Amino acid sequence: TLNHLRHVESLATLPSGAGGIPKLNAVILGESLASEEDDLVFPSDDFSRRAHIPSPQKYLEMYRRSIEDPAGFWSDIASQFYWKKRWGQPVYSENLDIRKGRIEIEWFKGGISNICYNCLDRNIELGNGEKIALFWEGNEPGTDGSLTYNQLLQRVCQLANYLKDVGVQKGDAVVIYLPMLMELPIAMLACARIGAVHSVVFAGFSAESLAQRIMDCKPKVVITCNAVRRGSKIIHLKDIVDAALAESAQNGFAVDVCLTYENHSALEKSKTKWQEGRDTWWQDVITKFPTTCDVEWVDAEDPLFLLYTSGSTGKPKGVLHTTGGYMVYTAATFKYAFDYKPSDVYWCTADCGWITGHSYVTYGPLLNAATVVVFEGAPNYPDSGRCWDIVDKYKVSIFYTAPTLVRSLMREGDEYVTRYSRKSLRVLGSVGEPINPSAWRWFFNLVGDSRCPISDTWWQTETGGFMITPLPGAWPQKPGSATFPFFGVQPVIVNEKGVEIEGECSGYLCVKSSWPGAFRTLYGDHERYETTYFSAFPGYYFSGDGCSRDKDGYYWLTGRVDDVINVSGHRIGTAEVESALVSHPQCAEAAVVGVEHEVKGQGIYAFVTLVEGVQYSEDLRKNLVSTVRKQIGAFAAPEKIHWAPGLPKTRSGKIMRRILRKIASRQLDELGDTSTLADPSVVDELIALADS
Ligand code: WTA
Numbered sequence: 085t086l087n088h089l090r091h092v093e094s095l096a097t098l099p100s101g102a103g104g105i106p107k108l109n110a111v112i113l114g115e116s117l118a119s120e121e122d123d124l125v126f127p128s129d130d131f132s133r134r135a136h137i138p139s140p141q142k143y144l145e146m147y148r149r150s151i152e153d154p155a156g157f158w159s160d161i162a163s164q165f166y167w168k169k170r171w172g173q174p175v176y177s178e179n180l181d182i183r184k185g186r187i188e189i190e191w192f193k194g195g196i197s198n199i200c201y202n203c204l205d206r207n208i209e210l211g212n213g214e215k216i217a218l219f220w221e222g223n224e225p226g227t228d229g230s231l232t233y234n235q236l237l238q239r240v241c242q243l244a245n246y247l248k249d250v251g252v253q254k255g256d257a258v259v260i261y262l263p264m265l266m267e268l269p270i271a272m273l274a275c276a277r278i279g280a281v282h283s284v285v286f287a288g289f290s291a292e293s294l295a296q297r298i299m300d301c302k303p304k305v306v307i308t309c310n311a312v313r314r315g316s317k318i319i320h321l322k323d324i325v326d327a328a329l330a331e332s333a334q335n336g337f338a339v340d341v342c343l344t345y346e347n348h349s350a351l352e353k354s355k356t357k358w359q360e361g362r363d364t365w366w367q368d369v370i371t372k373f374p375t376t377c378d379v380e381w382v383d384a385e386d387p388l389f390l391l392y393t394s395g396s397t398g399k400p401k402g403v404l405h406t407t408g409g410y411m412v413y414t415a416a417t418f419k420y421a422f423d424y425k426p427s428d429v430y431w432c433t434a435d436c437g438w439i440t441g442h443s444y445v446t447y448g449p450l451l452n453a454a455t456v457v458v459f460e461g462a463p464n465y466p467d468s469g470r471c472w473d474i475v476d477k478y479k480v481s482i483f484y485t486a487p488t489l490v491r492s493l494m495r496e497g498d499e500y501v502t503r504y505s506r507k508s509l510r511v512l513g514s515v516g517e518p519i520n521p522s523a524w525r526w527f528f529n530l531v532g533d534s535r536c537p538i539s540d541t542w543w544q545t546e547t548g549g550f551m552i553t554p555l556p557g558a559w560p561q562k563p564g565s566a567t568f569p570f571f572g573v574q575p576v577i578v579n580e581k582g583v584e585i586e587g588e589c590s591g592y593l594c595v596k597s598s599w600p601g602a603f604r605t606l607y608g609d610h611e612r613y614e615t616t617y618f619s620a621f622p623g624y625y626f627s628g629d630g631c632s633r634d635k636d637g638y639y640w641l642t643g644r645v646d647d648v649i650n651v652s653g654h655r656i657g658t659a660e661v662e663s664a665l666v667s668h669p670q671c672a673e674a675a676v677v678g679v680e681h682e683v684k685g686q687g688i689y690a691f692v693t694l695v696e697g698v699q700y701s702e703d704l705r706k707n708l709v710s711t712v713r714k715q716i717g718a719f720a721a722p723e724k725i726h727w728a729p730g731l732p733k734t735r736s737g738k739i740m741r742r743i744l745r746k747i748a749s750r751q752l753d754e755l756g757d758t759s760t761l762a763d764p765s766v767v768d769e770l771i772a773l774a775d776s
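Under UniProt numbering, the first residue of the sequence shown is numbered 85, with each subsequent residue one higher.
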């Protein structure tokens with residue numbers, strides 16, 4: 085088709101060599117692309133013409149500048165925001181090389197600004213006051229609400245004034261444990277307005293996980309609501325918070341204030357348990373406060389938020405993001421990766437309890453004065469057509485979700501999709517795990533009527549924003565590939581020795597230089613930051629992901645290479661699940677691995693050795709699963725408990741997970757060499773018990 089020619093032509097007419105960016109050269113060599121025609125999906129001419137980045141040339145021109153002159157490139161973008169005082173020189177400073185000393189990243193240091201001001205006040209000054217900032221869709225169809233930018237600012241200011249009134253000051257932590265109500269982004273923005281550091285805990289985490297996070301960051305205030313409906317279930321969040329606060333108090337840290345929003349549709353006030361003196365109803369106090377609130381101006385490098393995420397050891401890590409770089413980066417990535425235009429209506433299905441909800445429900449979109457849909461409910465309630473019902477209702481034009489949701493809806497049949505028009509859709513997005521080509525095609529062909537480019541965005545809690553992502557309209561896509569690096573990002577693939585490999589290859593995905601949205605430390609543990617991310621391959625930031633690059637320069641993410649598993653896009657450390665299991669008095673030892681799961685991407689598979697003399701039983705199995713639910717959250721419940729009289733260990737006592745993974749996925753002919761095991765007969769026993 086003409087389209088195809090246009091692209092190959094434009095790809096081929098780029099100057100050969102494309103100076104200094106060797107890995108991108110492949111994409112501009114038109115001939116290899118032409119031969120893979122079948123795998124390429126081209127944006128329409130019309131789409132490209134209107135896109136911010138309409139061609140590979142435009143991308144390469146901007147990309148080249150972002151690498152050759154990061155200070156200039158990012159300063160230009162940063163200048164679009166309001167700064168009370170402009171940043172100093174140098175614009176950024178970094179050391180990513182552990183051999184040269186302390187790892188340090190700073191962007192726009194000395195610049196004084198406020199991200200809440202830039203999301204709200206600035207956009208109102210630009211004439212967006214009456215534009216809808218948030219559409220809220222409740223769990224029950226027909227329950228909804230909305231806030232304009234003016235109204236959102238007023239709500240944020242009232243809460244900010246309240247927080248100040250109860251003593252929250254710049255730098256203090258505030259824990260937020262809320263479902264997807266508008267009050268969740270309101271709470272985040274209110275913290276940001278007064279320079280407080282929010283730490284949102286996903287409201288699917290258990291009391292114990294919440295307590296652990298509270299004890300780590302010691303918040304002045306915890307913000308929650310009494311209960312929430314999700315699908316047909318009611319979850320009593322306040323009870324969970326009560327248990328967490330009790331546990332924290334027992335361990336020496338008592339939270340003084342628990343601000344509780346009354347979610348009337350889920351549970352009446354009178355039925356909520358209450359601790360006088362500590363608990364306050366949101367609705368009772370907030371409206372008494374003024375609807376304007378002065379901004380606390382902060383340095384670009386002052387902390388904005390903490391978000392706990394899983395790593396390969398048991399204790400969750402408090403990923404710390406600062407203000408200025410994060411602001412510039414989330415705004416720019418949102419604009420370009422979704423080709424955002426002021427007329428768009430944007431919906432991201434992620435919960436604000438995860439990084440996606442921070443960067444791409446709250447900050448990135450609001451910095452761009454976007455209209456954002458916030459959805460409280462579940463995508464299959466009342467039926468599997470709910471998403472497309474919402475798309476039609478709000479005329480959503482950009483829809484951003486996770487492969488697990490795509491796969492689960494795909495199973496329910498096309499009819500739930502085709503029942504709705506979806507004609508407002510323009511751009512689709514995917515995040516959380518690699519999207520398999522068949523899910524990609526279903527999403528593209530059916531949901532998007534073969535009209536909407538898919539931005540398969542690869543990034544992490546740590547990166548703050550998109551790192552490798554399609555720019556819709558700029559180049560052809562390959563289903564399942566996250567395509568090319570965003571501006572300013574220099575991904576490299578290294579081998580096990582940490583040597584950078586060129587061209588077509590696969591290995592470990594690292595990043596060579598800093599970008600504004602990078603996390604700056606792990607809260608209270610800079611050493612762990614350095615060893616986890618910067619020691620494996622000195623000189624680079626190591627992502628923990630495996631990756632390959634094809635001959636056209638496209639990047640293909642292949643999943644985690646460490647002991648982190650990805651269940652329905654939720655990051656879970658195997659060690660966390662193991663430590664929950666072994667806390668059960670009848671469990672002697674546990675080893676957890678990820679197995680492929682049709683819908684969730686990965687499922688949790690646990691090998692469990694019981695205490696001497698204890699018998700396996702169905703009751704015990706249920707008990708173990710509920711221990712994990714209780715300690716971490718329902719989303720971390722093992723799919724399968726495999727009774728293990730013994731675990732395969734080396735002579736030095738190290739568990740050989742490689743073998744466990746093969747047993748878990750029943751690839752029994754691929755067990756490999758088991759002769760180095762202390763006791764090779766363990767493997768036969770495990771196989772014999774596989775389906776018991
Ligand atoms: C995985 C979520 C492939 C990856 C934003 C990463 C992906 C981890 C993609 C981070 C993608 C995320 N393609 N893999 N488009 N997006 N991942 O911190 O393994 O919850 O390391 O951040 O999710 O998960 P996190």
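Ideal Cβ positions, reconstructed from N, Cα and C, are used throughout, including at glycine.
Values in this document were obtained by computation on a predicted structure and should not be read as measured data.
Shown here, N650 sits in a strand according to DSSP, grouped into three states.
C-alpha of R713 to C-alpha of S293: approximately 10 Å in a straight line. Rounded to whole angstroms, I474 and S539 show a C-alpha spacing of 20 Å. Within the chosen limit of 7 Å, ligand 1 does not reach the beta carbon of A720 with any heavy atom. Nearest in C-alpha terms to E769, of all of P732, R745 and K746, is P732. Between G251 and E380, the C-beta spacing is not below 8 Å.
In the DSSP annotation of this structure, the continuous segment of the alpha helix (DSSP H) that includes R491 starts and ends at P487 to R495. Residue range E702 to Q715 is occupied by the alpha helix (DSSP H) that includes K714, with no beta strand (DSSP E) assigned at that position. With at least 16 other beta carbons inside 10 angstroms of its own, N198 counts as buried.
By the criterion of a C-beta distance shorter than 6 Å, K353 is surrounded in its chain by E346, once the five residues flanking it on both sides are discounted. A direct Cα-to-Cα measurement between E680 and S776 gives close to 20 Å. Per DSSP, L391 is one residue of the beta strand (DSSP E) stretching across P387 to T393.
When the five nearest sequence neighbours on each side are left out, the beta carbons in the same chain lying within less than 7 Å of the beta carbon of C377 are those of C241, A244, N245 and R277, in order along the chain. Under the three-state reduction of DSSP output, T502 falls in the helix class. Relative to ligand 1, Q751 has its C-beta separated by 7 Å or more from all heavy atoms. Taking a 10 Å sphere around the C-beta of E546, we find 16 or more other C-beta atoms and assign the residue as buried. With the rule of 3 Cβ pairs closer than 8 Å, the stretch 450-465 counts as touching the stretch 422-432. Residue side-chain check: T616 keeps its Cβ at 7 Å or more from all non-hydrogen atoms of ligand 1. V692 and E673 have their alpha carbons spaced roughly 6 Å apart.
Only residues of its own chain outside the window of five on either side were considered, and among them A291 have a CB closer than 7 Å to the CB of A327, listed in chain order.
Counting C-beta pairs with one atom in each stretch, the stretch 685-700 and the stretch 750-763 have fewer than three that are closer than 8 Å, which means they do not touch. For G229, the enclosing beta strand (DSSP E) begins and ends at D228 to T232. Assignment of Y625 by DSSP, reduced to helix, strand and coil, places it in the strand class. Within its own chain, the residues whose Cβ lies closer than 7 Å to the Cβ of C589, once the five positions on either side in sequence are excluded, are I577, S632 and R633, listed in chain order.
Distances taken from the Cβ of E769 to the heavy atoms of ligand 1 include none shorter than 7 Å. In the displayed model, G591 falls within a strand according to three-state DSSP.
For the pair R506 and G437, the Cα-to-Cα distance works out to about 28 Å. In this structure, F570 lies away from V511, with their beta-carbon atoms at least 8 Å apart.
Boundaries cannot be given for N464, as no beta strand (DSSP E) includes it and DSSP labels it neither H nor E.
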